[in-house]
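Taking it in order: structure first as structure tokens, then the write-up.
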Amino acid sequence: MDPDTELFYDFSPFLLQYKSGRVERLIPTDFVPASHDPSTGITTRDVVIDPNVGLTARLYMPDISNLQQTNTEKLPVLIFIHGGGFVLQSAFSSFYHGFVSSLISKARVLAVSVDYRLAPEHPLPAAYDDSFTALKWVLSNCQSGPDPWLSCHGDSDHVFMAGDSAGGNIVHNAVARAGMEGIKIKGMVLMHPYFWGKDPVGSETIEPEIMTGAAKSWNFVCAGAFDIDHPCVNPMGPRGELETLGCKRVLVTVAEKDHFREWGKAYVEGLKKSAWCGEAELHVSEGEEHVFFLVNQHSEKAVKEMEMVVAFLNR
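Under UniProt numbering, the first residue of the sequence shown is numbered 1, with each subsequent residue one higher.
Dropping the structure here:
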């Protein structure tokens, strides 16, 4: 058989990988260019963070027209990491461009949406390395770097990271690594984060086929580098070190009908029981599915979730 058409791994509904290594993504990504949005006053532009690995990002500047006299006000900085099962989506997709723009218009923060490398072409820990590189790049530019937006308006004392689903997992790993290397940021937001383990947690019984499928997909995105109980995916497990987290405030959001729900709850409980000295909040959206706030951003509960995140960033 032709290795370019012989299936190696079926990761439906996301992608198919063939034995030749060719990847066929089943969900197309609609890219949009950086621009200025007159309706919100938000201006975006794209930057290269690390040309050696092709790491790029989209920067979002809120409307600062009322600051033109001094033009030196410092703003909180949000580093956003998109979801997509580690294999889909982009910081430049219309999907996440719209979501981050909406968040920025309400929170009035400067944002950096990171376009990290995707699996399986770049299996984990590539995305972890990229997000940590982006964090260091942001902090450096806020302090004395060449990027004009961050150097003029980025407040290095008020840097946050946020991500949804797989992006939430990546954020946790970036902030955990930051803590171990002596880097501190203000806080992080994990929206329906992708955490898992060999055994179920909490009160919910999960079907064996779902547990098995999750373990297989995890093995696929990390190319077998980490087992399903590794701290990267199960930071609440026996090998986890939550006390090393490099921030003092955490907001975790979960949805009632999401298989990741109990893991998100266990994460918050684990933080509170650990030697980590910080403030952890949990927000539960009853009756909702995984990342519902992205699918229907104008629903009542999606608006509530956005308000929670905005309040967290502005506090």
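Ideal placement from N, C-alpha and C gives every residue a C-beta, glycine not left out.
TODO: Could you spell out where the alpha helix (DSSP H) holding arginine 177 opens and where it closes?
DONE: 166 to 180
Open item on the list: Let me make sure I understand the geometry here. Which of Thr133, Tyr9, Ile64 and Val254 has the alpha-carbon closest to that of asparagine 52?
Closed with: Thr133
Open item on the list: Less than 8 Å between the beta carbons of histidine 192 and glycine 213, yes or no?
Closed with: no
Task: Nearest-angstrom Cβ-Cβ length linking threonine 253 and serine 285, presumed shorter than 8 Å - done: 7 Å
TODO: Using 10 angstroms around the beta-carbon of serine 101, count the other beta-carbons present and answer buried if the total reaches 16, otherwise exposed.
DONE: buried
Task: 3-residue-minimum beta strand (DSSP E) runs that sit fully inside the stretch 220 to 267, ordered along the chain - done: 247 to 255
Task: Cβ neighbour criterion (16 or more within 10 Å) applied to cysteine 232 - done: buried
Open item on the list: Can you check which of these residues, Gly287, Lys248 and Val291, is closest to leucine 271 by C-alpha distance?
Closed with: Lys248
Open item on the list: For serine 90 and glutamate 243, what's the separation of their Cα atoms in angstroms?
Closed with: 31 Å
Task: Local conformation of residue 336 per DSSP, three classes - done: It is not possible to answer for residue 336, since the shown part of the chain is limited to 1 through 315.
Open item on the list: For glutamine 143 and threonine 56, what's the separation of their Cα atoms in angstroms?
Closed with: 20 Å
Task: Per DSSP, cross-strand counterpart(s) of glutamate 207 - done: Beta-bridge pairing links glutamate 207 to no other residue.
Open item on the list: With distance defined between alpha-carbon atoms, name the residue in Lys301, Leu59, Asp37 and Pro76 nearest to arginine 45.
Closed with: Leu59
- [ ] Count the other CB atoms, across all protein chains shown, that sit within 10 Å of the CB of aspartate 115; report buried if there are 16 or more and exposed otherwise.
- [x] buried
- [ ] Hey, could you find the ends of the beta strand (DSSP E) valine 112 is sitting in?
- [x] 110 to 115
Open item on the list: So, with DSSP's three-state summary, where would you put methionine 1?
Closed with: coil
TODO: Apply the 10 Å Cβ neighbour rule to leucine 7 and answer buried if 16 or more other Cβ atoms are within range, or exposed otherwise.
DONE: exposed
Open item on the list: To the nearest angstrom, how far is the alpha carbon of cysteine 222 from that of serine 93?
Closed with: 23 Å
Task: leucine 16 versus histidine 153 - alpha carbon distance - done: 43 Å
Open item on the list: Count Cβ pairs between the stretch 166 to 181 and the stretch 79 to 86 that sit closer than 8 Å; are there 3 or more?
Closed with: yes
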